[in-house]
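Residue numbers (my numbering): 815 to 921.
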């Protein structure tokens with residue numbers, strides 16, 4: 815598990831992408847963040863965001879997921895600070911990690 819660095823994007827910018835792990839973490843930002851995942855590997859990557867919250871009746875929340883297609887897959891997801899746990903950390907899990915990279919940007 816790695817804590818991913820948040821990048822500030824200006825004009826012009828050259829973002830830095832890093833290899834994903836099966837589970838990565840991100841320090842939440844009240845203004846929101848953008849997670850950008852690129853998949854050059856041969857399988858679909860299902861990305862799962864851990865939602866630490868509960869429903870109004872006290873049940874565990876549903877973890878949001880999205881898929882990044884194989885080979886040339888490219889997806890962006892806006893991360894709300896509501897996904898952060900009590901320590902202010904957002905947890906992101908990947909089902910496939912070979913040739914998958916990501917970057918996190920301030921929204």
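Where is the CB? At the ideal position from N, CA and C, for every residue including glycine.
Source: prediction; values computed, not measured.
In this structure, the CA atom of residue 909 is about 24 Å from the CA atom of residue 846.
The beta-bridge partner set that DSSP reports for residue 837 consists of 907. Of the candidates 882, 842, 899, 899 places its Cα closest to the Cα of residue 866. By the neighbour-count definition (other C-beta atoms within 10 Å, threshold 16), residue 893 is a buried residue.
Fewer than three Cβ pairs drawn from the segment 868 to 877 and the segment 817 to 828 lie within less than 8 Å of each other, which leaves the two stretches out of contact.
Note on geometry: alpha-carbon atoms of residue 844 and residue 906 lie some 17 Å from one another.
Of 896, 895, 902, 888, the smallest CA-CA separation from residue 916 is found for 888. In the DSSP assignment, residue 818 falls within the unbroken beta strand (DSSP E) covering 816 to 818.
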